[in-house]
Amino acid sequence: MKILKRMLIIIILIVVSMNNIHNYIPVNAQVSSEKPVKTAVVLFSFDDPYISLVRKGLEEIQNKNKSNVDFAFFDGARNQNIQNTLIDSILQSDYELLLVNLVDLNQETVESVVDKAKQKNIPLILFNTVPFDTKPIQSYSRSLVISTDAKQSGILQGNLVVSEWNSNKKAIDINDDNILQYIMFQGPENITVTFERSSYSISTIKDSGIKTQEILVKSCSWDETCAKESMDLLFLRYNGKFDAIISNNDAMALGSIKALQRYGYNTGNKSKYIPVFGIDGIPEAIDLIDKGLMAGTVIQNPNETAEALYTVGINLVNNMPPLENTNYKFDETGVTIQMPYYEYKK
Numbered sequence: 255m256k257i258l259k260r261m262l263i264i265i266i267l268i269v270v271s272m273n274n275i276h277n278y279i280p281v282n283a284q285v286s287s288e289k290p291v292k293t294a295v296v297l298f299s300f301d302d303p304y305i306s307l308v309r310k311g312l313e314e315i316q317n318k319n320k321s322n323v324d325f326a327f328f329d330g331a332r333n334q335n336i337q338n339t340l341i342d343s344i345l346q347s348d349y350e351l352l353l354v355n356l357v358d359l360n361q362e363t364v365e366s367v368v369d370k371a372k373q374k375n376i377p378l379i380l381f382n383t384v385p386f387d388t389k390p391i392q393s394y395s396r397s398l399v400i401s402t403d404a405k406q407s408g409i410l411q412g413n414l415v416v417s418e419w420n421s422n423k424k425a426i427d428i429n430d431d432n433i434l435q436y437i438m439f440q441g442p443e444n445i446t447v448t449f450e451r452s453s454y455s456i457s458t459i460k461d462s463g464i465k466t467q468e469i470l471v472k473s474c475s476w477d478e479t480c481a482k483e484s485m486d487l488l489f490l491r492y493n494g495k496f497d498a499i500i501s502n503n504d505a506m507a508l509g510s511i512k513a514l515q516r517y518g519y520n521t522g523n524k525s526k527y528i529p530v531f532g533i534d535g536i537p538e539a540i541d542l543i544d545k546g547l548m549a550g551t552v553i554q555n556p557n558e559t560a561e562a563l564y565t566v567g568i569n570l571v572n573n574m575p576p577l578e579n580t581n582y583k584f585d586e587t588g589v590t591i592q593m594p595y596y597e598y599k600k
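Going by the working numbering, 381 is the number at position 127 of the sequence shown; the sequence numbering is gapless.
Take a look at the structure:
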């Protein structure tokens, strides 16, 4: 009888233990993130060529890591008010990570976005451009910036211009005055990327000993159509009497080339060619360079940016150091990862 009681007690203990284990396992699995990290990606604009490539890169990462991450993409439509509404809605949902390519990088906007993410304790990565003031980001330990070194892009673009001038000066310097007359298309006003791409491109040209003359600077906020329409008017105004077009991005460079082609320039006739320089390395620009219809660009690899967003973002979600198991480094701000650029010419 005693033996029977002991066996009954042992059986009861085993059943209780098994029940406890059964109840514990799903909780532990959820904490270790068996379900994918739900990530909101708020973009500057779905129609921006370079940003579209970053989105494609993230989608490819998701397809290879379906159990790890689930990206949802939101279109800011080049409007900060739309982005603000989207971000407010996202933060009321169950997203675990927020990636934002801001339309407006003024201090008030950056502070607002960081504060909202901080209140919800949701990791935040701003990407593709660096705010003038990174103090708001430094105030929240689960936020950072992944961007490219705008200074480097300007220097490399300047080097491309110098190389083209030195190689083809007779063809470029149309009035033979030994001065590079240029038109520049810029990104949005009052942001770091626009300022540094513009200033370092021109300073690099000047530092090489080339004299320059700014014919006109036009802000088109990365937009191809704006650059095309502006170039249509500028070509007529100046009767094609300028030596080069320097653009803060490839989309605006493409717009200017399409305008030039309306007047018979940059179609393959070497006697009717104005060198155009861009930044981004989007496929259409690469194709024009290979065909000899565009002078050069500076490539920022969208897949490398997408990989950094994914890797660092998952680290933040898992409360790990953001640079854990990566080769990335923070710059002097302590919160910004700078992705590299590469020159591209024929």
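For every residue, glycine included, the Cβ atom is placed at its ideal position computed from N, Cα and C. These numbers were taken from a predicted model, which means no experiment stands behind them.
With 16 as the cutoff for other CB atoms within 10 Å, does K389 come out buried or exposed?
exposed
With a Cβ-Cβ cutoff of 8 angstroms, do L312 and L563 count as a contact?
yes
At the level of alpha carbons, what is the spacing between Q406 and T339?
34 angstroms
What does the alpha-carbon distance come out to for the pair I336 and S475?
17 angstroms
Cβ contact check for the region 406–422 and the region 382–398: 3 or more pairs under 8 angstroms
no
So, are the CB atoms of Y492 and T466 less than 8 angstroms apart?
no
Residue burial classification, V608 (beta-carbon count within 10 angstroms, cutoff 16)
One cannot answer for residue 608 here, as it falls past the ends of the chain, which runs 255 to 600.
In chain order, what residues of the same chain have a beta carbon less than 6 angstroms from the beta carbon of S484, not counting five sequence neighbours either side?
K472
Give every residue of the same chain whose Cβ lies closer than 6 angstroms to the Cβ of K482, excluding the five residues on either side of it in the sequence, and list them in chain order.
G509, K512 and A513
Between which residues of its own chain and N420 is the CB-CB distance below 6 angstroms, once the five residues before and five after are set aside?
none
Helix, strand or coil: which one does DSSP assign to V589?
coil
For A326, write down the residues that DSSP places opposite it in a beta bridge.
A294
Would you check if there are 3 or more beta carbon pairs closer than 8 angstroms linking the region 294–301 to the region 320–329?
yes
Rounding to the nearest angstrom, what Cα-Cα distance links T565 and S343 in this structure?
25 angstroms
Inter-stretch contact at 8 angstroms, needing at least 3 Cβ pairs: the region 547–554 / the region 529–536
yes
Could you check the C-alpha separation between K209 and F489 for me, to the nearest Å?
Nothing can be reported for residue 209: it is not among the residues displayed for the chain, which extend from 255 to 600.
Spatial neighbours of T580 within its chain, please: C-beta separation below 6 angstroms, excluding the five flanking residues on both sides.
T565
By how many angstroms is the C-alpha of T458 removed from the C-alpha of S366?
36 angstroms
Smallest Cα separation from Q392: which of D585, K599, Y598 and N319?
D585
Enumerate in chain order the residues of its own chain whose CB-to-CB distance from G408 is below 6 angstroms, with the five nearest sequence positions on each side excluded.
E450, R451, Y454 and S455
State the Cα-Cα distance for the pair I469 and S525, rounded to the nearest angstrom.
22 angstroms
Member of Y304, N503, N322 and E558 whose CA lies at the smallest distance from the CA of P290
N322
Measure the C-alpha to C-alpha separation of L398 and K583 and round it to an integer number of angstroms.
12 angstroms
Determine the burial state of R332: buried for a count of at least 16 other Cβ atoms within 10 Å of its Cβ, exposed for fewer.
buried
How about M593 and I400: do their beta carbons lie closer than 8 angstroms?
yes
7 angstroms Cβ shell around P529 - same chain, five flanking residues per side excluded
E418, I426, A498 and A549
For the beta strand (DSSP E) containing I426, name the first residue and the last one.
Here I426 belongs to no beta strand (DSSP E); instead the alpha helix (DSSP H) covers A404 to I426.
K599 - partner residues in DSSP beta bridges:
G550
Runs of beta strand (DSSP E) lying entirely within the region 347–391, each at least 3 residues, in chain order:
351–354 and 378–381
Does K482 come out as helix, strand or coil in the three-state DSSP assignment?
helix
Which residues does DSSP list as the beta-bridge partners of K472?
F439
Could you give the C-beta distance for K370 and L353, rounded to a whole number, given that I count them as a contact under 8 angstroms?
Rounded, the Cβ-Cβ distance is 14 angstroms, inconsistent with contact.
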